[in-house]
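Asks: A single structure is presented below for examination.
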Amino acid sequence: MKLTQEKLRAEAETTGFRPEVLEKVIHLLNLLEGFRSHPYLKGRLTLKGGTALNLFVFDMSRLSVDIDLNYIGAIEREAMLAQRPKVEQAIQAVCAREDIAVQRVPADHAGRNDYAGGIGQPDAWARRLVDECRSALGAVLPLSDVERAFLDRLLDHGEIVPSILTADAAWAERIKQHPLLEWKALNVRQRGER
Numbered sequence: 269m270k271l272t273q274e275k276l277r278a279e280a281e282t283t284g285f286r287p288e289v290l291e292k293v294i295h296l297l298n299l300l301e302g303f304r305s306h307p308y309l310k311g312r313l314t315l316k317g318g319t320a321l322n323l324f325v326f327d328m329s330r331l332s333v334d335i336d337l338n339y340i341g342a343i344e345r346e347a348m349l350a351q352r353p354k355v356e357q358a359i360q361a362v363c364a365r366e367d368i369a370v371q372r373v374p375a376d377h378a379g380r381n382d383y384a385g386g387i388g389q390p391d392a393w394a395r396r397l398v399d400e401c402r403s404a405l406g407a408v409l410p411l412s413d414v415e416r417a418f419l420d421r422l423l424d425h426g427e428i429v430p431s432i433l434t435a436d437a438a439w440a441e442r443i444k445q446h447p448l449l450e451w452k453a454l455n456v457r458q459r460g461e462r
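Mapping of the sequence shown onto our numbering: position 152 corresponds to residue 420, and the numbering continues sequentially without gaps.
What follows is the structure, given as structure tokens:
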């Protein structure tokens with residue numbers, strides 16, 4: 269399906285999502301449908317991770333711009349390796365039908381793809397994204413002295429000291445029991461014990 273700027277902008281206005289993100293999600297959904305319906309891939313790939321949850325389980329107004337797939341076509345390693353060339357060939361075929369070029373970068377985190385977009389050049393989009401992130405982070409950066417002191421205790425000593433940030437008992441308790449802070453503190457302490 270060829271997307272035009274007009275269709276994307278209209279859909280973006282309707283949904284509230286940025287056109288360039290919406291375009292990527294549409295491409296990903298088309299890919300997923302292609303993988304699901306391909307005679308060789310059908311039943312051999314499963315979607316996992318945040319995209320799977322956001323798009324198909326939760327009703328979250330958040331779009332993800334990647335897909336994580338697991339190969340589930342065989343249990344034994346030998347069978348998996350034997351099927352791999354056909355799986356890769358089928359993935360290439362589905363991507364080609366969607367005008368998506370697959371770039372294999374084995375040393376990188378995952379495969380990458382590129383497509384001819386309806387919005388414009390990916391570099392311009394990336395520059396806009398960086399500018400938007402800088403602007404949004406300007407609301408919380410630079411950190412205040414007390415915020416830096418709190419982070420220093422957390423990152424250097426693995427200590428969560430909410431009293432540095434607030435005198436409010438309820439907020440202090442929420443901060444002290446925050447799972448991500450607890451996880452970070454534990455990892456800092458474990459790293460220090462080595």
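Every residue gets a Cβ at the ideal spot worked out from N, C-alpha and C, and that includes glycine.
In chain order, what residues of the same chain have a beta carbon less than 8 Å from the beta carbon of F232, not counting five sequence neighbours either side?
Replies: Lying before the first or after the last residue shown, residue 232 is absent from the chain, which here runs from 269 to 462.
Asks: So Q371 is in the beta strand (DSSP E); what residue range does that whole segment cover?
Replies: In the sequence shown, residue 371 corresponds to position 103, counting from 1. Counting along the chain, the beta strand (DSSP E) containing Q371 begins and ends at 368 to 371.
Asks: Is it the case that the region 307 to 314 contacts the region 351 to 358, given that we only count it when at least three CB pairs across the two stretches are under 8 Å?
Replies: Touching, per the Cβ criterion.
Asks: Is the Cβ-Cβ distance between L290 and L276 less than 8 Å?
Replies: By 1-based counting over the sequence shown, the position of residue 290 is 22. By 1-based counting over the sequence shown, the position of residue 276 is 8. The answer is yes: Cβ separation under 8 Å.
Asks: Hey, could you find the ends of the beta strand (DSSP E) K316 is sitting in?
Replies: In the sequence shown, counting from the first residue as 1, residue 316 sits at position 48. Residues 313 to 316.
Asks: I need the DSSP call for D420, collapsed to helix, strand or coil.
Replies: Translated into positions along the sequence shown, residue 420 becomes position 152. Looking at D420 - three-state DSSP - the assignment turns out to be helix.
Asks: To the nearest angstrom, how far is it from the Cα of A369 to the Cα of G302?
Replies: Numbered from 1 along the sequence shown, position 101 holds the residue referred to as residue 369. Numbered from 1 along the sequence shown, position 34 holds the residue referred to as residue 302. About 15 Å.
Asks: Exposed or buried, C363, counting other C-beta atoms within 10 Å across all chains shown (16 or more means buried)?
Replies: Within the sequence shown, the letter at position 95 stands for residue 363. Buried is the call here.
Asks: Taking buried to mean at least 16 other C-beta atoms within 10 Å of its own C-beta, is E461 buried or exposed?
Replies: Taking the first residue of the sequence shown as 1, we reach residue 461 at position 193. Exposed: under 16 other Cβ atoms inside 10 Å.
Asks: Throw me the rounded Cβ distance for the R304 and I340 pair, which I believe falls under 8 Å.
Replies: Within the sequence shown, the letter at position 36 stands for residue 304. Within the sequence shown, the letter at position 72 stands for residue 340. At roughly 13 Å, the Cβ-Cβ gap does not stay under 8 Å, so R304 and I340 are not in contact.
Asks: Given a cut-off of 8 Å on the beta-carbon distance, is the pair L448 and I428 in contact?
Replies: Here the question's residue 448 lines up with position 180 in the sequence shown. Here the question's residue 428 lines up with position 160 in the sequence shown. The answer is no: Cβ separation not under 8 Å.
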